[in-house]
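Taking it in order: structure first as structure tokens, then the write-up.
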Ligand SMILES: *Cc1c(COP(=O)(O)O)cnc(C)c1O
């Protein structure tokens with residue numbers, strides 16, 4: 028990824044001046060900091076950042092400058108990254124499966140919080156991690172919907188197993204806590220409710236007072252014009268239900284948003300390489316590039332089309348099939364995109380809300396994937 032120090036006013040200024048041949052991600056640090064402050068001021072507990080959603084150093088640094096003090100990390104690389112950039116931040120090692128050497132790295136870096144969802148992985152932690160002052164967070168799952176993507180398919184203990192794990196954690200002298208991940212891009216506050224009530228039941232049944240409840244990530248970013256995420260409604264639900272469910276044993280709350288924090292701080296600009304026989308649109312970015320996630324969780328309709336001179340295309344929207352640049356037929360955006368009927372070769376298609384799971388999953392397949400990065404004051408003209 029090419030980095031540059033110039034800060035442009037907005038994407039249009041850059042695109043009309045530079046006429047980039049490769050896709051460009053525009054990052055507005057001001058938007059990221061504003062979202063971080065929103066979470067810190069309104070979430071009823073500690074806010075941590077799920078580093079995997081976008082591990083760019085500029086992102087981590089801006090979050091740290093905005094006051095974030097904790098990070099959800101999943102690998103030695105992520106732990107070392109955060110230790111280097113924010114030496115005093117708390118590391119929550121919440122990948123429930125780890126090799127023994129990965130655990131050693133975490134212990135060496137002073138990690139004090141680990142999640143777990145199985146007996147065998149808990150045994151490894153008990154063996155290798157000093158219990159004193161260290162939190163083990165039992166991750167459970169429920170068969171509930173409401174998210175764009177089901178996280179329970181890979182991780183999370185059943186509630187019965189969670190009861191047993193929590194007892195073992197407490198008995199081994201660790202600080203006992205619970206966690207869940209409701210799925211990603213949850214626009215419905217109700218996605219958290221059953222999980223929080225179940226957490227209280229698990230703690231009750233285990234006879235363990237938990238220190239903290241980590242309510243996961245899953246907070247939505249703005250992907251569809253018709254659905255504006257309402258973070259306040261989600262925070263209020265979490266706060267109210269935590270009190271109702273736990274009463275005077277209410278644990279401290281933690282959240283670990285990825286997408287919700289970084290998603291809306293980035294816009295990608297892709298270029299129309301071809302409008303083949305006035306039907307199919309071919310872009311210079313696709314599902315092997317920054318648009319990897321769209322086939323899994325659905326298209327983003329917060330788009331704009333600009334002519335090379337920066338003028339917006341305002342024709343009537345028509346449905347188009349859109350392909351990425353590689354020769355693989357999988358490289359197609361899901362469904363059809365509504366694009367202005369005056370769209371032309373050489374135009375730029377801007378897709379907003381592209382900060383999460385975009386830079387980090389971009390590949391060089393077929394020789395494409397040269398993704399630029401530019402800083403802007405504002406993502407909109
Ligand atoms: C991926 C992940 C997150 C972040 O999820 P978002 O949907 O991006 O908020 C949080 N916690 C864990 C354990 C994760 O694996």
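In my numbering, the protein residues as written are 28 to 408. Note that the Cβ used here is the ideal one computed from N, Cα and C, for glycine as well.
Roughly how many whole angstroms lie between the Cα atoms of residue i and residue j?
i: residue 296; j: residue 227; result: 45 Å
i: residue 288; j: residue 59; result: 7 Å
i: residue 386; j: residue 138; result: 27 Å
i: residue 337; j: residue 53; result: 15 Å
i: residue 76; j: residue 147; result: 27 Å
i: residue 208; j: residue 220; result: 12 Å
i: residue 167; j: residue 281; result: 15 Å
i: residue 240; j: residue 257; result: 22 Å
i: residue 333; j: residue 366; result: 11 Å
i: residue 244; j: residue 154; result: 29 Å
i: residue 92; j: residue 291; result: 18 Å
i: residue 395; j: residue 354; result: 11 Å
i: residue 145; j: residue 132; result: 21 Å
i: residue 254; j: residue 260; result: 14 Å
i: residue 163; j: residue 294; result: 37 Å
i: residue 376; j: residue 360; result: 13 Å
i: residue 303; j: residue 151; result: 56 Å
i: residue 317; j: residue 398; result: 8 Å
i: residue 270; j: residue 195; result: 26 Å
i: residue 344; j: residue 328; result: 12 Å
i: residue 125; j: residue 312; result: 34 Å
i: residue 38; j: residue 400; result: 11 Å
i: residue 285; j: residue 211; result: 9 Å
i: residue 80; j: residue 383; result: 5 Å
i: residue 335; j: residue 405; result: 19 Å
i: residue 330; j: residue 378; result: 5 Å
i: residue 40; j: residue 276; result: 54 Å
i: residue 73; j: residue 341; result: 44 Å
i: residue 51; j: residue 62; result: 22 Å
i: residue 373; j: residue 49; result: 11 Å
i: residue 323; j: residue 103; result: 27 Å
i: residue 95; j: residue 306; result: 47 Å
i: residue 217; j: residue 363; result: 30 Å
i: residue 6; j: residue 184; result: No answer is possible for residue 6: the residues shown for the chain start at 28 and end at 408.
i: residue 237; j: residue 230; result: 7 Å
i: residue 206; j: residue 242; result: 6 Å
Terminal residues of the continuous beta strand (DSSP E) containing residue i?
i: residue 41; result: Element bounds for residue 41: not the beta strand (DSSP E) but the alpha helix (DSSP H), 38-45.
i: residue 142; result: 140-143
i: residue 103; result: Careful: residue 103 lies outside any beta strand (DSSP E), inside the alpha helix (DSSP H) at 103-112.
i: residue 204; result: 202-206
i: residue 166; result: 162-166
i: residue 401; result: 399-403
i: residue 425; result: Shown here, the chain extends from 28 to 408; a query on residue 425 therefore has no answer.
Could you please give the first and the last residue of the uninterrupted alpha helix (DSSP H) stretch that includes residue i?
i: residue 150; result: 146-155
i: residue 94; result: Premise fails: residue 94 is in no alpha helix (DSSP H) and is neither H nor E.
i: residue 186; result: 186-198
Sorry if obvious, but does the Cβ on residue i come closer than 6 Å to a heavy atom of ligand 3?
i: residue 80; result: Ligands displayed in this structure: ligand 1; ligand 3 is not among them.
Name the one or two DSSP bridge partners that residue i has.
i: residue 124; result: DSSP, once it has assigned bridges, lists no residue as partnering residue 124.
i: residue 73; result: 281
i: residue 308; result: 302, 349
i: residue 34; result: 402
i: residue 407; result: For residue 407, which the question treats as bridged, DSSP gives no partner whatsoever.
i: residue 118; result: 98
Point to revise | Ranges of the beta strand (DSSP E) found wholly within the segment 221-302, counting only runs of at least 3 | key: Correct list: 239-241, 279-282.
**Study point:** Contiguous alpha helix (DSSP H) assignments of at least 4 residues, all confined to the segment 312-371
**Key:** Runs found: 321-324.
Practice item. For the segment 45-71, list the alpha helix (DSSP H) runs that are entirely contained and at least 4 residues long, ordered along the chain. Key: Complete alpha helix (DSSP H) runs here, min 4: 56-69.
Review point. Can at least three beta-carbon pairs, one atom from the segment 115-122 and one from the segment 93-101, be found at a separation below 8 Å?
Key: Judged by Cβ distances under 8 Å, the segment 115-122 makes contact with the segment 93-101, as three or more pairs qualify.
Review point. Do the segment 392-408 and the segment 340-358 make contact, defined as three or more Cβ pairs closer than 8 Å?
Key: Proximity of the segment 392-408 to the segment 340-358 meets the contact definition, three or more beta-carbon pairs being nearer than 8 Å.
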